[in-house]
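> I'd like to ask you about the structure that follows.
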Amino acid sequence: MSSDRYEIRGKIGAGGVGAVYRAYDTQLRREVAIKRVLPDGDMNSEDATANLLKEATALSSVQHPHIVTVYDAGIDAEGPYVVMELINGKTLDEMVERGTLTFEDFKEVAIQSQEAMIAAQDLNLVHRDLKPTNVMVSWLPSGRFQVKIVDFGLAKFSAKPSLQTIDHGDAVFGSIFFMAPEQFERTPLDCRTDMYSLGAMYYYSLTGEYPFNGDTAPQVMAAHLQNKITPLIEVRPDLPPWVCDWVMWHVRRDMQDRPDSARAALEHFLAHDSAHTFGITAAHQLAAAGPPHQAPTGQVMTAGGAAQNPLSGGTAPQPIISPSGQINPHTASQRLITGATTGALNAPATQQPVVQAQPAAPAMMATQQPVAQHPSAQVQQGTTQPGQQPQMQNSITPLPKARMSPAMLAVIAGIILTLIAIIAYAIVGKRSEGDATGRVNALTQQIDQNNQAKRIPITKKDTELLLNVVAGTIKHPDEDGVKAVLITAESSDGSYNVDEMIAKFATDDSTLANGTRNIIFSQILKTRSIILGNRSKAYDVIIPWLEADPSHASAVAALDAISRYPNDESDFTMLLSSVSKSDDSGYNDKLAIVLGGLVAKSQPPGKLVQQVGQVLDGTKDPDKQRILMRIAANAGTKDALAIINKGLSSTNDIVVNHALKALAKWPNADAISIIIAKVRATDSTGNGANLRKSGIKSAMRILTSEKMIDKPECSKLWGELVELPTGDNERYDIINHLGAVNKAWAIGLLQGLQNSARKPSVKERAQKAIDSIESALEE
C-alpha cells in the first residue's frame, strides 16, 4: 500500500486477527477504512492473510447499498490490506444497549439486512459470521437510518454446501451466540446457515438477550444443538404474533425447516406486514409465501401494535435515534393495524367542523374628520348690549357630503360578490372533502367486512379516489387502510383494470416528481402480484416508461414491481434497450436478474441471446458490458459463449474480469475449457492474479452446481482444474471448494494438492477436507 496515497489517521478497532484504521485517500480525497492483519494475531499469519484477501474478493463481487463497499486490496511490506468504505455510525449491538428495537425500526433492519443477503446469495456467498457487531447503522442526510453488513472475512463462495473454516486449535470462528448448529457440528453449510444467524440477531435486537445462552461456551453450544430458546412472543408480547413466528422460523434446529433463502424470507415478511398493517387476513399471503406457521397466540393488539399486557422494563423498546437526537421520521409516525383490531378502521367518519359564513364587513365606513375652516368664512359681530362682551359667531358653511361615483359602487359590489363566492366555495369544498373522507372510510371498512375474501370489488370512481389519496392530492388520515384496499381491489363491473389504473398513476409525471409516492405505488403493485398472483396490464404500462426513463430515481422500485411476472420476448426487448440508458448500478443489477431469468427459460434455448450481442456491440462502458455478459451467460449456448469470448479477448482487464465472473452462471460444462485456457495464459503477477482467481472461482462454481456434480465428466474437469494453481493461495481456494464434493475421486485430487503445497496451513486444510469426505462416505 502506498503511504503517499493513504494517510493513517487513527485506529478504529481491533479483533483477534486484524485491526481497522481510519485513513484518508489523498488521490480520491475521501476518508476510508483500512483493514490489516495483526502480526501477533491469534491465528496463523498465513491463514489470516488468505482470509483477508478472501474477504476483499468476496466483497468486491457484491455491490449493494446495505453491504460495505471495497475500494482496493493488496499486499505491501507490512502485509495484506483491504481499503473499504468508512461507515460513520454504530454497530447494532451498540444500538440495542440503549434499548431494544421498536417494531418499526426492526422492520427497517429486517428488510435492509434481508435485501443485503439476497445480493450475497445471488452470488452463492455465505457470510457465516452474521452477528450484531457485524451490522452497522448509519444515518443518511434525509434522517433515515441505513443498515450495512460488514466483515465478510469468513465468507466464501459456495454453490454447494461447504464446511465451516476452523483454526489449528479446532476452534470455530464467529460469535458462538449467533452460530447455527451445523457450524458446531462441522457439517456442510449453505445460505440457510446465514438465515439462522440473522434470526438469532433479530431475536437479540428485539429482546436484548441472546436467544441461546449459557454460563459457559459448552452450555451455549448445547442450547443451539438442543434448540433451547424462549419463544419470542413470551419476551416481547407487544409484537405482532406473525413477527415473532417469522423470527422463530429462522432459528429452527434443522436447516430444512428454515427459510430457503433471504428472498423467500423477505417475501414472507412483506406479505405478512401488508396483511397486518393494512388489516387483511394473513391467509392470503400464506398461500403465496407459506413457511411453517406457528399458531397465533391470541394476543389482542391495539392499533399502535401494543398488546394489552405490559412489557417488563428490561425489554422496553426504544426508537433508533440519530447522533443529532432525531428519531427516524420514516419509522416514527407509522402505525400498525391488525386484523383483530377493527376499532381504528371501523370508527365513524371524522366530523368536519362546520364553516359558517361571517357577516361581511362594510365596504366603506365613514370616518369623522375635523372640518377645516374655510378661508372665505365670514365672522359676524353681534350687537353689544351695555355691560356685555361682544360675542363671536361662526358662520362657516359646511362642505357638501361626497357622493360615490357609479364606477366605484360597481367595484365595491364586485368585491362583495367575490367574497361571498369564496365563502360559498369553501363551504361546498368542505362538504365535498367531508364526503370524500366519508367515502374513503366506508371503503377501508370493507377490509374487515370482507376479510375472508381475496378481493374487494370497487367502482372506477372509488379506485380513482383512493389513488388520489396515495398520490397526496386528497388528504386522508388512514393512508395505510387506503393502500390495503388497493392491494386487494378488483373492478366491481369488469369495465376497467385496477392494476392498469395504479400503474398509470405510478408513471404519471406529477407522481414521478415525488419518488416516494411512486415507490409506494410500485410496492402496491408488487404486493398485489404476490397476493393475487396475476400478471396484468400494469406491467404493459410500466415497461414502456422504464424504456423511456430508466435513470429516474424510482425506476428500481418500478422494475422490482414487474420482476415477479415479466413477459417473454416483447418485455425482454423493451427492458434490454434500457441497459444503455441507465447508469444506476442497482437498476442494472436488478435488470440482469430479470433478463437473465427470461434468457434461461426462453425456447428454443438462446432465442434471446442475439439481441444481447447487438446491444453489447454498441457499448464501450465496462459496467454495461458486465451486465450484458451476465444476462447472456444464462443461456449456456454457443452464441452466448461467443458473446463472452469477446469480453475475454478485451485489452481492458476490467472487462476480462467481468467476462470470467459472468461464466460462473454457465449452466453446463462447455465454459470450463475456455476458462482453463484463459487462466493458463494469464500471468500470476499484478492484475493477472485477480484474473486467475476470478477464472478459477467461476470454474469451481460451475463444477459444484447441482447440474454438474453428478456428471461423469465432473471428475475429469476437476482434474484439469487442480493443475492450474501456481501458489498456495490458489490451492487453498480449490481445496475449500473441492472439500465440499463428497465423492471418492475428490480424495485423490486433494492429496495431490496437499503434496504440492508449501505452507503447513494449506497442507492441514487439505487433510481436513479429506477427512471430511471420508467421514461422509462412511455414513
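With my numbering applied, the sequence shown covers 218 to 996.
C-beta: ideal position from N, C-alpha, C; glycine also.
In this text the structure is predicted, and so the values were computed from the model without any measurement.
Which residues bound the alpha helix (DSSP H) around tyrosine 298?
Run containing tyrosine 298: none in the alpha helix (DSSP H); it sits in the beta strand (DSSP E), 296-302.
> Who does arginine 345 pair with in a DSSP beta bridge?
In DSSP, arginine 345 forms no bridge with anything.
> Would the region 430-439 count as touching the region 457-476 if we require 3 or more Cβ pairs under 8 Å?
As far as the Cβ criterion goes, the region 430-439 does not touch the region 457-476, which means the pair count is below three.
> Is leucine 967 closer than 7 Å to isoleucine 987 when the C-beta atoms are compared?
A contact, by the Cβ cut-off of 7 Å.
> Which of the three DSSP states, helix, strand or coil, is assigned to phenylalanine 429?
Coil, per DSSP.
> Can you tell which of Cys408, Arg403, Ala397 and Lys976 has the C-alpha that lies nearest to the C-alpha of alanine 440?
Of Cys408, Arg403, Ala397 and Lys976, the residue nearest in Cα terms is Ala397.
> Going by C-alpha distance, which of Gly912, Trp935 and Ser795 is nearest threonine 921?
Threonine 921 has its Cα closest to that of Trp935, out of Gly912, Trp935 and Ser795.
> Compare the Cα-Cα distances from asparagine 444 to each of Gly864, Ala630 and Tyr413 and report the closest residue.
When each option's Cα is compared against that of asparagine 444, the closest is Tyr413.
> Report yes or no: do three or more beta-carbon pairs, one from the region 296-307 and one from the region 349-359, lie closer than 8 Å?
Result yes; three or more Cβ-Cβ pairs closer than 8 Å.
> Kindly give me the distance between the Cβ atoms of glycine 853 and serine 797, rounded to whole angstroms, as I take these residues to be in contact under 8 Å.
At roughly 24 Å, the Cβ-Cβ gap does not stay under 8 Å, so glycine 853 and serine 797 are not in contact.
> By how many angstroms is the C-alpha of asparagine 805 removed from the C-alpha of isoleucine 844?
Going from the Cα of isoleucine 844 to the Cα of asparagine 805 covers about 7 Å.
> On the CB-based measure, 16 or more other CB atoms within 10 Å of its CB, does threonine 705 come out buried or exposed?
Threonine 705 should be labelled buried.
> Looking at C-beta atoms only, is the number of pairs between the region 849-866 and the region 878-892 that lie closer than 8 Å three or more?
These segments touch.
> Bridge partners for glycine 230 per DSSP, in chain order?
Val237, per the DSSP bridge assignment.
> Can you check DSSP and say which residues form a bridge with phenylalanine 362?
Bridge partners of phenylalanine 362: Trp356.
> Please identify the residue among Ala240, Gln244 and Arg246 whose C-alpha is closest to the C-alpha of lysine 252.
Taking only the C-alpha atoms, the option nearest lysine 252 is Ala240.
> Would serine 343 be called buried (16 or more neighbouring beta carbons within 10 Å of its own) or exposed?
A quick correction: the sequence has valine, not serine, at residue 343. With 16 or more other Cβ atoms within 10 Å, it is buried.
> If you reduce the DSSP assignment to three classes, tell me which class valine 287 lands in.
Strand.
> Counting only the same chain and skipping the five closest in sequence on each side, list residues whose C-beta sits under 6 Å from that of arginine 409.
Hits under 6 Å: Met472 and Arg475.
> How about isoleucine 450 and phenylalanine 429: are their beta carbons less than 7 Å apart?
For isoleucine 450 and phenylalanine 429, no; Cβs fall outside 7 Å.
> Could you please give me the residues that DSSP links to valine 249 through a beta bridge?
Answer is Ala240 and Glu302, bridged to valine 249.
> What does the Cβ neighbour count give for serine 890, buried or exposed, with the cut at 16 atoms within 10 Å?
Exposed, since its Cβ has fewer than 16 Cβ neighbours within 10 Å.
> For arginine 918, count neighbouring Cβ atoms within 10 angstroms of its own Cβ and tell me buried if that reaches 16, exposed if not.
Arginine 918 should be labelled buried.
> Below 8 Å, how does it come out for the region 866-875 and the region 903-912: are there three or more Cβ pairs, yes or no?
The region 866-875, when compared against the region 903-912, does touch it at the 8 Å Cβ threshold.
> Going by C-alpha to C-alpha distance, which of Pro821, Lys933, Lys928 and Ile913 sits closest to glycine 944?
Cα-wise, what sits closest to glycine 944 is Ile913.
> Here's a check: name, in chain order, each residue in its chain whose Cβ is nearer than 6 Å to the Cβ of alanine 849, leaving out the five neighbours to either side.
So the list reads Val826, Val829, Ala857 and Ile860, once near-sequence residues are dropped.
> For tyrosine 223, which residues from the same chain have a beta carbon less than 8 Å from its beta carbon, with the 5 sequence-adjacent residues on both sides left out?
Result list for tyrosine 223: Ala240, Tyr241, Asp242, Thr243, Val249, Ile251 and Val300, in chain order.
> What does proline 674 pair with, by DSSP beta-bridge criteria?
Glu707, per the DSSP bridge assignment.
> Can you check whether the CB of valine 699 is closer than 7 Å to the CB of threonine 724?
Not in contact: threonine 724 and valine 699 (Cβ atoms no closer than 7 Å).
> Using the rule of at least 16 other Cβ atoms within 10 Å of the residue's Cβ for burial, across every protein chain shown, is arginine 361 buried or exposed?
Its Cβ having fewer than 16 others within 10 Å, arginine 361 is exposed.
> Please state the DSSP three-state secondary structure of lysine 855.
The answer is helix: DSSP assigns lysine 855 an H, G or I state.
> Leaving out five residues on either side along the sequence, give the residues of the same chain with a beta carbon under 6 Å from the beta carbon of isoleucine 335.
Cβ neighbours of isoleucine 335 beyond the five flanking positions: Ala479 and Arg480.
> With three or more beta-carbon pairs closer than 8 Å as the criterion, would you say the region 655-665 touches the region 679-693?
Touching, yes, given that three or more Cβ pairs across the two stretches are closer than 8 Å.
> Give the secondary structure of aspartate 407 by DSSP, where H, G and I count as helix, E and B as strand, and everything else as coil.
Three-state DSSP puts aspartate 407 in coil, outside helix and strand.
> What would DSSP say about threonine 308, mapped onto helix, strand or coil?
Residue state, collapsed to three classes: strand.
> Near asparagine 634, what residues of its chain come up, given a Cβ to Cβ distance below 7 Å and the 5 sequence neighbours on each side ignored?
For the sequence presented, residue 634 should be read as leucine rather than asparagine. Closer than 7 Å at Cβ, skipping near neighbours: no residue.
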